[in-house]
Amino acid sequence: MIEHLAASRCPQCRLVAAPPSRWCPRHPVEMTPTSVMGGGEVVSFTTLLSPPEGFRSPLHIALVDLVGGARLVCHGDKTQGLKIGSWVAIEAVGNIYYFSHLGALDRARLFWRRAGRAGERMSAIAQSLAKRAWKGRLRGES
Ligand SMILES: [Zn+2]
Numbered sequence: 000m001i002e003h004l005a006a007s008r009c010p011q012c013r014l015v016a017a018p019p020s021r022w023c024p025r026h027p028v029e030m031t032p033t034s035v036m037g038g039g040e041v042v043s044f045t046t047l048l049s050p051p052e053g054f055r056s057p058l059h060i061a062l063v064d065l066v067g068g069a070r071l072v073c074h075g076d077k078t079q080g081l082k083i084g085s086w087v088a089i090e091a092v093g094n095i096y097y098f099s100h101l102g103a104l105d106r107a108r109l110f111w112r113r114a115g116r117a118g119e120r121m122s123a124i125a126q127s128l129a130k131r132a133w134k135g136r137l138r139g140e141s
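Residue numbers are given in numbering that gives the first Met the number 0: position 7 of the sequence shown equals residue 6, and the series is strictly consecutive.
Okay, structure coming up:
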């Protein structure tokens, strides 16, 4: 299953923020907790050769529009093959978000989900991909 991420929603303007924040960034209204699906579309991406301390170099970063409406900065194993408009799965590890590439099947499922169609059965493939990527990171592979 594609992971769900903690988020918050503004009861007034419907803005969704992830990670969740207490106040709507648009006006002083308290947001309510919600969750969004951990998948979305790449808006922009870059590679930092001199990343902040604690991060491996090179550091791959993507800006991703979630299906639920929030926009996240994510880290990933590689940006190779990534394009503006690519679909990625996102998982949260603490306060850090990681993206991994989605296969065609998962892209289709996310698309249907975004289109508001029924899609109760989420992708085992995306999950195993994300897991593999995560384990690879733990072992220091790329
Ligand atoms: Zn608001």
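Each residue gets a CB set at the ideal place from its N, CA and C atoms; glycine is no exception.
For this session: Please find out if some non-hydrogen atom of ligand 1 comes closer than 6 Å to the beta-carbon of V28.
Result: The count along the sequence shown starts at 1 and reaches residue 28 at position 29. Answer for V28: yes, Cβ within range of ligand 1.
Problem set entry | Touch test, the stretch 33-49 against the stretch 66-74, Cβ-Cβ under 8 Å, three pairs minimum | yes
For this session: Would you kindly report the start and end of the unbroken beta strand (DSSP E) that includes F44?
Result: The residue labelled residue 44 in the question sits at position 45 within the sequence shown. Where F44 is concerned, the enclosing beta strand (DSSP E) stretches over G38 to L47.
For this session: From the DSSP output, in three-state form, read off D105 for me.
Result: Translated into positions along the sequence shown, residue 105 becomes position 106. DSSP places D105 within a helical segment (H, G or I) once states are collapsed to three.
Exercise. Is DSSP giving H26 helix, strand or coil here?
Worked result: Indexing the sequence shown from 1 puts residue 26 at position 27. Coil, per DSSP.
Problem set entry | Proximity test, R21 beta-carbon vs ligand 1 heavy atom, cut-off 6 Å | Here residue 21 refers to the residue found at position 22 of the sequence shown. False, no ligand heavy atom lies under 6 Å from that Cβ.
For this session: Rank H3, P19 and L65 by C-alpha distance to the C-alpha of S85 and give the top, closest one.
Result: Residue numbering aside, residue 85 sits at position 86 when the sequence shown is read from its first letter. Closest by alpha carbon: L65.
Problem set entry | Which of helix, strand or coil DSSP assigns to T78 | Taking the sequence shown and counting its residues from 1, one reaches residue 78 at position 79. Of the three classes helix, strand and coil, the one that applies to T78 here is coil, per DSSP.
Exercise. Which residues share a DSSP beta bridge with S99?
Worked result: Here residue 99 refers to the residue found at position 100 of the sequence shown. BP columns for S99 point to A88.
Problem set entry | Beta carbon of R8 nearer than 7 Å to that of T45 | In the sequence shown, counting from the first residue as 1, residue 8 sits at position 9. In the sequence shown, counting from the first residue as 1, residue 45 sits at position 46. No.
For this session: Can you grab the Cα-Cα spacing for the pair P10 / V92, in whole Å?
Result: Position 11 of the sequence shown holds residue 10. Position 93 of the sequence shown holds residue 92. So the alpha carbons of these two residues sit roughly 27 Å apart.
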